[in-house]
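Heads up, the sequence shown is in our numbering, so the first residue is 3 and it goes up one at a time. First up is the structure itself, then whatever we jot down about it.
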Amino acid sequence: MIQSMTGFGKAIKQLPAKKITVEIKSLNSKNLDLNARIPSAYREKELQMRTIIANKLERGKVDFNLYIELSGEETSSQVNIPVVEEYIKQLSMVVNGDRTELLKIAMRMPDALKTEREEIDEEEFKQITETVEEALNEISTYRSDEGEILKKDFILRIKNISELLQKVIAMDPERIQGVKERLRKAINDLKDQVDENRFEQELIYYLEKYDITEEKVRLENHLNYFSDALHSPDSNGKKLGFISQEIGREINTIGSKSNHAAMQQLVVQMKDELEKIKEQLLNVL
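As structure tokens, then:
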């Protein structure tokens, strides 16, 4: 099943004293490029969260944001009373002022507040990982929906190339006959006695040079292989990319061998369809 690398997922969980919000956004990338924004108090769990995300998303440029909002009476910051008292004492030695005013000044001084770092509660972290999983499930659904759109476009493009190939196949006998006639005319224009054996040898040489039988067969096989890969249970953009390269190689060879204006026009149309496939493949997981 085709999956896009583009997606967005968001999940929110409300705890008694905290609100957990997880946002995950992904764009296309050759490998997994994960950028994580996590509150400093939860940094020790970053590796575990990265592993969960990497296992689920596999590839893409991923932005992971974790927000923890305190919604109850709980707070990690406290007034550093001894430090504040010392500030007030020193300030009162400099100026005679109201204690309340001195307190306002002291609270703006360094270390007036202290933050006590508490160990992460395992139950709380379990809630966080569940929220991450919910966001990942949402982004996976998004990716699958986008993948279905890409799949329909690929099917259309492959169908178009296949139809153009059938026109090439139908046109080939006429093209070969044209090669024979041009060669016969070129020899007749020499106004010289034609050695039939030599003519046959030359004819065989040029027919082999312009023969595209193998390319037609290989191109048809590659198109079928691409279609089969589209319906495989996994999403493998790299595999589809390799097949598209082989498709391009056969189309280019047909174009270089054709020596026929009408056939070359069909080749140009096939190349155009293939370029559209390659552009979209950059976004396939």
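For every residue, glycine included, the Cβ atom is placed at its ideal position computed from N, Cα and C.
Checklist entry - So what's Glu2 in DSSP terms, helix, strand or just coil? => result Given a span of 3 to 287 for the chain in the structure shown, any question on residue 2 remains unanswerable.
Next on the checklist: So if DSSP puts Lys63 in a beta bridge, which residue, or which two residues, is it bridged to?
Outcome noted: Along the sequence shown, one-based indexing puts residue 63 at 61. Per DSSP, Leu29 and Asp35.
Checklist entry - Grouping DSSP H, G and I as helix and E and B as strand, with all else coil, what is Gln81? => result Along the sequence shown, one-based indexing puts residue 81 at 79. The displayed chain sequence assigns Val, not Gln, to residue 81. Val81 carries a strand assignment under DSSP once its states are collapsed to helix, strand and coil.
Next on the checklist: Need the endpoints of the beta strand (DSSP E) that Gly11 sits in, please.
Outcome noted: The count along the sequence shown starts at 1 and reaches residue 11 at position 9. Run containing Gly11: Gly9 to Gln16, per the beta strand (DSSP E) assignment.
Next on the checklist: On the DSSP bridge list, what partners appear for Val286?
Outcome noted: Position 284 of the sequence shown, counting from 1, holds the residue named residue 286. In the DSSP output, where bridge partners are listed per residue, Val286 has Ser6.
Item to check | Residues near Ala137 in its chain [Cβ-Cβ closer than 8 Å; skip 5 each side] | outcome: Indexing the sequence shown from 1 puts residue 137 at position 135. Contacts found: Gly11, Lys12, Ala13, Val24, Glu25 and Ile26.
Next on the checklist: So the candidates are Ile171, Glu281, His233 and Ile122; which of them puts its Cα closest to the Cα of Ala43?
Outcome noted: Within the sequence shown, numbered from 1, the residue matching residue 43 stands at position 41. Of Ile171, Glu281, His233 and Ile122, the smallest CA-CA separation from Ala43 is found for Ile122.
Next on the checklist: Between Ile40 and Glu48, how many whole angstroms is the CB-CB distance? I'm expecting something under 8 Å.
Outcome noted: Residue numbering aside, residue 40 sits at position 38 when the sequence shown is read from its first letter. Residue numbering aside, residue 48 sits at position 46 when the sequence shown is read from its first letter. Rounded to the nearest angstrom, the Cβ distance from Ile40 to Glu48 is 5 Å, consistent with a contact under 8 Å.
Item to check | Reference Gln247; option with closest CA among Ser229, His224 and Ile107 | outcome: The residue given as residue 247 occupies position 245 in the sequence shown. Out of Ser229, His224 and Ile107, His224 has the C-alpha closest to the C-alpha of Gln247.
Next on the checklist: Once DSSP output is grouped into helix, strand and coil, what is the label at Ile160?
Outcome noted: The residue you call residue 160 lines up with position 158 of the sequence shown. Residue state, collapsed to three classes: helix.
Next on the checklist: Three or more C-beta pairs under 8 Å: does that hold for the stretch 178-187 against the stretch 126-142?
Outcome noted: no
Checklist entry - Which term fits Ala56, buried or exposed, when burial requires 16 or more other beta carbons within 10 angstroms of its beta carbon? => result Numbered from its first residue, the sequence shown carries residue 56 at position 54. Exposed, by the Cβ-count rule.
Next on the checklist: Distance check for Glu252 and Glu132, CA to CA, integer angstroms please.
Outcome noted: Against the sequence shown, residue 132 aligns to sequence position 130. Against the sequence shown, residue 252 aligns to sequence position 250. Each residue's Cα considered, the two are about 49 Å apart.
Checklist entry - Considering Asn226, what are the terminal residues of the alpha helix (DSSP H) in which it resides? => result As a working note, residue 226 is residue 224 in the sequence shown. Unbroken alpha helix (DSSP H) run through Asn226: Thr215 to Leu232.
Checklist entry - Beta carbon of Val85, beta carbon of Asp113: below 8 Å? => result Taking the first residue of the sequence shown as position 1, residue 85 is located at position 83. Taking the first residue of the sequence shown as position 1, residue 113 is located at position 111. For Val85 and Asp113, yes; Cβs fall inside 8 Å.
Checklist entry - Measuring CB to CB, does Val286 end up less than 8 Å from Gly239? => result Against the sequence shown, residue 286 aligns to sequence position 284. Against the sequence shown, residue 239 aligns to sequence position 237. For the 8 Å CB-CB criterion, Val286 and Gly239 form a contact.
Next on the checklist: Tell me the DSSP secondary structure of Ile70 in three-state form.
Outcome noted: Within the sequence shown, numbered from 1, the residue matching residue 70 stands at position 68. Of the three classes helix, strand and coil, the one that applies to Ile70 here is strand, per DSSP.
Item to check | Identified DSSP bridge partners for Lys20 | outcome: As a first step, residue 20 must be located in the sequence shown, where it is residue number 18. Secondary-structure assignment with DSSP links Lys20 through a beta bridge to Leu72.
Next on the checklist: I'd like the list of long-range same chain contacts for Gly149, defined as Cβ closer than 7 Å, with 5 residues on each side in sequence excluded.
Outcome noted: By 1-based counting over the sequence shown, the position of residue 149 is 147. Counting only Cβ-Cβ distances below 7 Å, and skipping sequence neighbours, we find Met3, Ile4, Gln5, Ser6 and Ser237.
Checklist entry - From this set, Glu217, Gly99, Gly9 and Lys91, which residue's C-alpha is nearest Lys63's C-alpha? => result Numbered from 1 along the sequence shown, position 61 holds the residue referred to as residue 63. A check of alpha carbon separations from Lys63 across Glu217, Gly99, Gly9 and Lys91 identifies Gly9 as the nearest.
Checklist entry - Could you give the distance in angstroms between the alpha-carbon of Leu29 and the alpha-carbon of Ala108? => result To locate residue 29, count along the sequence shown from 1; it is residue 27. To locate residue 108, count along the sequence shown from 1; it is residue 106. Ala108 has its alpha-carbon roughly 48 Å from the corresponding atom of Leu29.
Checklist entry - Does the Cβ of Gln282 have 16 or more other Cβ atoms within 10 Å, making it buried, or fewer, making it exposed? => result For the purposes of this step, residue 282 is identified with residue 280 of the sequence shown, where counting begins at 1. Buried, because 16 or more other Cβ atoms sit within 10 Å of the Cβ of Gln282.
Checklist entry - So Asn33 packs on Arg61, CB below 8 Å; how close in whole Å? => result Position 31 of the sequence shown holds residue 33. Position 59 of the sequence shown holds residue 61. The Cβ separation is near 6 Å, so the contact holds.
Checklist entry - Does the separation of the CB atoms of Lys218 and Val170 fall below 8 Å? => result Here residue 218 refers to the residue found at position 216 of the sequence shown. Here residue 170 refers to the residue found at position 168 of the sequence shown. Yes.
Next on the checklist: Suppose you measure from the CA of Leu152 to the CA of Glu210; what does that come to, to the nearest Å?
Outcome noted: One-based indexing of the sequence shown puts residue 152 at position 150. One-based indexing of the sequence shown puts residue 210 at position 208. Distance between the alpha carbons of Leu152 and Glu210 is about 39 Å.
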